[in-house]
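Heads up: the protein sequence lines correspond to chains P and C, in order. First residue of the first sequence? That's 1 in my numbering, and the numbers climb one at a time after it. First residue of the second sequence? That's 247 in my numbering, and the numbers climb one at a time after it. I have placed the structure first, in the form of structure tokens, so that the comments after it can refer back to it.
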Amino acid sequence: MSDTTFNAARRRLLAGTAALAGISVAPGIRLISTAEAAVSGPASAKNRWGLLIDSNKCDAGCTECVTACKTEQGWTGNDRPESDPQWIRKVNLKDNKTGATASLPVMCQHCEHPPCVDVCPTGASMKREDGIVLVDKHICIGCRYCMMACPYKARSFVHEDVHNQKQHMPRGKGTVESCTLCVHRVDAGGTPACVEACTEKAGRDAMVFGDLNDPASEISKKLAKHVTTRLRADLGLEPGVHYSGI
Amino acid sequence: MNTVRGIFAALLLALTAVAVSPAGALAADSGVPVPSPAKAFKGEQCVEPVETMRREHMVYLKHQRDETLRDGIRGQKYGLNECIDCHATADPSIAGGKIRTLKPFCKECHAYAAVSIDCFACHSGKAQNDKTGSLLPNEKEEMADDLIRMVKAHTNAPAIGDKK
């Protein structure tokens, strides 16, 4: 079953539940109003969302994940690489001794102990209960301490005015932003845009998204089977993004 | 005594006359442009009574934005996107009336009350189902629009509650 059909099925199920929950017990008295019945969340510590990226399946020439992220979140930039935001980038590695190469996408690693959250003076840089690290732009003052603290260079500062933002992804000049792990999709039961593009557009299947806390999830099973690494594991940040083949 | 009573009666009459006269006439006299927020694109009833929304909408929005972003609670009733759903309206001065935005609704009262909000520095006030691809007018054009509208307001003196 493809992701889209799964989501549609889930949505129908949710809609059904909402209708049931809205049933009145007596004239004028409702158990839960329909508006409340459609509410989802809050994010729970029962989940720990993560990614597994297999660099053996990733190709240096392919940038479908980056394109998908740009389209999904709207950070297309102004053709000024020095100052344009970049939420996800392709990094190509080469072992100088053997000549072996590897390619992998790098985005916010959604650390268990995020240094960006530690240094934020306003509390804007935050980690959700389910492990997704976000910037609360409502209170971000654009000081960029988090950008300096992040060892993965995952965060960007918005230097220029932004227009026509996506409804699910407000962005504005003077704030810091980074990969949200497509939190709007995850909350709706979906997968991040990069993962979807890797499978559907690039046909490479190099990225797996899932719940690291759920032993039955595809990602947990793969992590239990194969040896994987996390970037700069020596820092002890325990990123939610795992890599294999590097 | 009678004179005093007469003066009071006249005063009362005058006050009543002012009270019942259309607000537009009052605005025309004082020269103050009265805000006339655009009528909702759809729906007759907001999530709360109008009087409550006028006073409390910012509290609702601020409270819920934290719950949505920080706690991941989605689909509650006070979302900005829900505002856009109903209150985003087309205006000939914005992209030739081809898109629906919140500006004709929000900006009216905020400009009148000299309230400067940050919402639309990041949020798009544009209804997303309009796939015209046209950009919102930039800040300078918006300011020019406001000026034109203010001049219009002075000359035509639209009133609160005027049926369009």
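The beta carbon of each residue, even a glycine, is placed where N, CA and C say it ideally should be. Predicted model only: the values in this text are computed from it and were never measured.
Select from GLU290(C), ILE345(C), ARG316(C) the residue whose C-alpha is nearest the C-alpha of ARG130(P).
In the sequence on display, residue 130(P) carries Asp and not Arg. Out of GLU290(C), ILE345(C), ARG316(C), ARG316(C) has the C-alpha closest to the C-alpha of ASP130(P).
State yes or no: is the beta carbon of ALA367(C) nearer than 7 Å to at least one beta carbon in chain P?
yes
8 Å Cβ cut-off: residues of chain C touching ARG128(P):
Near ARG128(P) (Cβ distances below 8 Å), the residues of chain C are ARG316, ASP317, GLY318.
For a contact defined as C-beta to C-beta under 9 Å, what are the partners of LEU134(P) on chain D?
Considering every chain present, this structure includes no chain D. Its protein chains are P and C.
Local conformation of SER83(P) per DSSP, three classes:
DSSP, read as helix, strand or coil, puts SER83(P) in coil.
Please confirm if LYS70(P) has its CB atom under 7 Å from at least one CB of chain C.
No, LYS70(P) does not count as interfacial toward chain C.
By how many angstroms is the C-alpha of PHE209(P) removed from the C-alpha of PRO115(P)?
23 Å
Identify whether ASP54(P) lies in helix, strand or coil by the three-state DSSP scheme.
Strand at ASP54(P).
If you check the beta carbons only, do HIS168(P) and VAL133(P) fall under 7 Å apart?
no
Mind listing, in chain order, the continuous alpha helix (DSSP H) runs of no fewer than 4 residues lying wholly within the region 80–144 of chain P?
115–119
Where ASP214(P) sits in the DSSP three-state scheme:
coil
Going by other Cβ atoms of all chains shown within 10 Å of its Cβ, with 16 needed for buried, is LYS372(C) buried or exposed?
buried
Short CB-CB distance (under 7 Å) between VAL39(P) and chain C
yes
Need the endpoints of the beta strand (DSSP E) that HIS242(P) sits in, please.
241–244
Decide yes or no for the touch test of the region 63–82 of chain P against the region 198–207 of chain P: beta carbon pairs closer than 8 Å, at least 3 of them.
Counting Cβ pairs under 8 Å, three or more are found: they touch.
Can you give the beta carbon distance from ARG311(C) to GLY41(P), rounded, assuming they're within the 8 Å contact cut?
About 14 Å; that fails the 8 Å criterion.
Interface flag, GLY325(C) vs chain P, CB-CB below 7 Å:
It does not; no Cβ of chain P falls within 7 Å.
Decide if the region 74–86 of chain P is in contact with the region 147–163 of chain P; the criterion is three or more beta carbon pairs, one per stretch, under 8 Å apart.
yes
Just to check my reading of the structure: GLU112(P) and GLU238(P) have Cβ atoms closer than 8 Å, yes? What is that Cβ distance to the nearest angstrom?
4 Å
Let me know the secondary structure DSSP gives GLU387(C) once reduced to three states.
Any reading at GLU387(C) must be qualified, since the residue scores a pLDDT of 49, below 50, and its modelled position is unreliable; the value itself is stated next. GLU387(C) falls in the helix class under three-state DSSP.
Flag this pair as touching only if the region 214–225 of chain P and the region 38–55 of chain P have three or more C-beta atom pairs under 8 Å; answer yes or no.
yes
What residues of chain P sit near SER370(C), judged by a beta carbon separation below 7 Å?
ASN164, GLN165, GLN167
Might you give, ordered along the chain, the residues of its own chain that have their beta carbon closer than 6 Å to the beta carbon of ALA336(C), omitting 5 neighbours on each side?
GLY343, ARG346
Hey, is ASP211(P) close to the ligand HEM, as in C-beta under 6 Å from one of its heavy atoms?
The ligand HEM is not part of this structure, which contains no ligands at all.
GLY342(C) versus chain P: which residues are under 9 Å apart at the beta carbon?
Chain P residues near GLY342(C): none, gap ~16 Å exceeds 9 Å.
Can you say whether GLY407(C) is buried or exposed, counting buried as having 16 or more other CB atoms within 10 angstroms of its CB?
Below a pLDDT of 50, predicted positions are generally treated as unreliable, and GLY407(C), at 44, falls in that range; the measurement from the model is reported next regardless. Looking at its Cβ environment, which holds fewer than 16 other Cβ atoms inside 10 Å, GLY407(C) is exposed.
For GLY321(C), which residues in chain P fall below 7 Å Cβ to Cβ?
Within 7 Å Cβ-Cβ: ALA38, VAL39, SER40.
Delimiting residues of the alpha helix (DSSP H) encompassing THR71(P)
64–73 is the span of the alpha helix (DSSP H), which, as asked, contains THR71(P).
Cβ-based neighbour list, VAL183(P), same chain, cut-off 6 Å, excluding 5 preceding and 5 following
ILE132
Check whether chain C comes within 7 Å of GLY77(P), counting only Cβ atoms and requiring the distance to be less than that.
no
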